[in-house]
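Counting from 91, one number per residue, gives the positions in the sequence shown under the working numbering. C-beta: ideal position from N, C-alpha, C; glycine also.
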Amino acid sequence: MTAVEVRHFSYVYPGGARALSNVTFCVEEGERVAIIGPNGAGKTTLLFSISGLLKGEGTIRLWGLDQPKHFQELRRDLGFLFQDPEDQLFFPWVYDEVAAELQKNGNPSVPEEKIWTLLSRVGLTEKAHAAVSSLSPGEKKRLALATLLARHPRLWLLDEPSAGLDPGMRRTVIEWIHNLQGTILLATHDLDLALETCTRAILLDQGEVVADGPASELLTNEELLEEHGLTLPLSLQGVKNGKGPLQRLN
Ligand SMILES: Nc1ncnc2c1ncn2[C@@H]1O[C@H](COP(=O)(O)OP(=O)(O)OP(=O)(O)O)[C@@H](O)[C@H]1O
Ligand SMILES: [Mg+2]
């Protein structure tokens, strides 16, 4: 079954910036697709449009239903991780943010244990009673992830899931993405993450689809990537162990 159908879709921001031009592609249920491209390519605009938060010209259908006409119906089936976690955190305290997300799932009395489990999965147990505003950007991303871990949508829209995370948490997120059920559309500059977690990649530049194909081919095509301001995934660049005069201070 086709989960996402985007046909001749264009989007121009109210100020006149053309972010997407005549974008067309389909994603089958269960596919894992990386959306890549340089800054300003239109990746975030595309995910927003698929989620129904932006209305452009052309057609977007999720499981055959037009977006954003069926926004209310479809929103329950979507799990959106925003590029900027500030856009999806609404509560003053860390603990409440996770509790509220669980309550949204139609469960008014959420077992405390469940909240602690989610906080522990993203390494925020010690920050449970901290103010959300006091968290670092990476910690806010972790909190946004915790709220998503509470959900089981059919379609995941993940915008820069590894941005701002330390290497340990990034690894955890990669494992988490591996274990997700459903269809995944993932916008990222982390081409190693894309290569590890996705089977297909779509390259956007200046709002247009430039290439669409198997991740293993597209993400290893150095010439194509460089033409569009990207570089090969680090894992393919032959990074060597540092043997220089490193001075350890403790
Ligand atoms: N709220 C906005 N108002 C006006 N123009 C915008 C707005 N958001 C994005 N744009 C413009 O739309 C284009 C696409 O932006 P978008 O954020 O979708 O790119 P992106 O590929 O996600 O970039 P990045 O890699 O930096 O996250 C850019 O030219 C950007 O300047
Ligand atoms: Mg973006």
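Counting along the chain, where does the alpha helix (DSSP H) carrying residue i start and finish?
i    : result
S111 : Here S111 belongs to no alpha helix (DSSP H); instead the beta strand (DSSP E) covers R108 to E118.
P227 : P227 to L239
Y185 : V184 to K194
Counting only C-beta atoms, is residue i closer than 8 Å to chain B at any point?
i    : result
I205 : Chain labels in this structure do not include chain B; a single protein chain is all it has.
How about residue i: is its Cβ closer than 7 Å to a heavy atom in ligand 2?
i    : result
Q337 : no
K204 : no
A253 : no
Between the C-alpha atoms of residue i and residue j, what's the straight-line distance to the nearest angstrom?
i    : j    : result
L239 : L208 : 7 Å
L276 : P304 : 14 Å
Q173 : L235 : 11 Å
E229 : D282 : 22 Å
V113 : E202 : 45 Å
D295 : G130 : 8 Å
D167 : H242 : 8 Å
F161 : F170 : 13 Å
T92  : T149 : 14 Å
N340 : K231 : 30 Å
For the beta strand (DSSP E) that contains residue i, what are its first and last residues?
i    : result
W246 : L245 to D249
P257 : Unbroken run through P257 is the alpha helix (DSSP H), P257 to N269; no beta strand (DSSP E).
R338 : Element bounds for R338: n/a, residue is neither H nor E.
Hey, would you say the C-beta of residue i is under 7 Å away from at least one heavy atom of ligand 1?
i    : result
A190 : no
N129 : yes
G146 : no
H318 : no
G341 : Past the boundaries of the shown model lies residue 341; the chain is included only from 91 to 340, so the question cannot be answered.
A284 : no
G169 : no
A107 : yes
H160 : no
Apply the 10 Å Cβ neighbour rule to residue i and answer buried if 16 or more other Cβ atoms are within range, or exposed otherwise.
i    : result
A107 : exposed
R97  : exposed
D249 : buried
G258 : exposed
L144 : buried
T215 : exposed
C116 : exposed
Q157 : buried
- [ ] May I have a chain-ordered list of the alpha helix (DSSP H) segments no shorter than 4 residues that lie completely inside the region 122-169?
- [x] Correct list: 133-141 and 161-165.
Task: 3 or more residues per run - each beta strand (DSSP E) lying fully within the region 262-314 - done: Whole beta strand (DSSP E) segments, 3+ residues: 273-277, 290-295 and 298-304.
- [ ] Mind listing which residues have their beta carbon within less than 7 Å of any non-hydrogen atom of ligand 3? Chain order is fine.
- [x] No copy of ligand 3 appears in this structure; the ligands present are ligand 1 and ligand 2.
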